[in-house]
Amino acid sequence: MTNNKELPSREELQEEFRGAKILRDIQRALKESGIDISIEAVKATVDEYERLHSEPLPESDSQEILVDGDMVRSHLDNGSE
Numbered sequence: 089m090t091n092n093k094e095l096p097s098r099e100e101l102q103e104e105f106r107g108a109k110i111l112r113d114i115q116r117a118l119k120e121s122g123i124d125i126s127i128e129a130v131k132a133t134v135d136e137y138e139r140l141h142s143e144p145l146p147e148s149d150s151q152e153i154l155v156d157g158d159m160v161r162s163h164l165d166n167g168s169e
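Heads up, our numbering is the position in the sequence shown plus 88, with the first residue counted as 1.
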């Protein structure tokens, strides 16, 4: 009998392990600071952070600036002024 499910590659397993270790390290650091939350809450927070930072900013939140002779798009820091 053959198994039709494809097993994850070694690289995929290592990436998943590293991700779980990072989440556990974040949870441990928060706990040392007096914040006791679940791994699921840490994961949800990291996922939301990644989602927010992967979305392009609206035109009003960015500007083009000259860097070493090239025009590049720079995001404005709305919280520093």
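Ideal placement from N, C-alpha and C gives every residue a C-beta, glycine not left out.
By the Cβ neighbour-count rule, Q102 is exposed, with fewer than 16 other Cβ atoms within 10 Å of its own.
DSSP places K119 in the uninterrupted alpha helix (DSSP H) bounded by 98-120. Proximity to K131 across S121, Q115, E143, L140 peaks at Q115, based on C-alpha coordinates. According to the DSSP assignment, K131 belongs to the alpha helix (DSSP H) that extends over 127-142.
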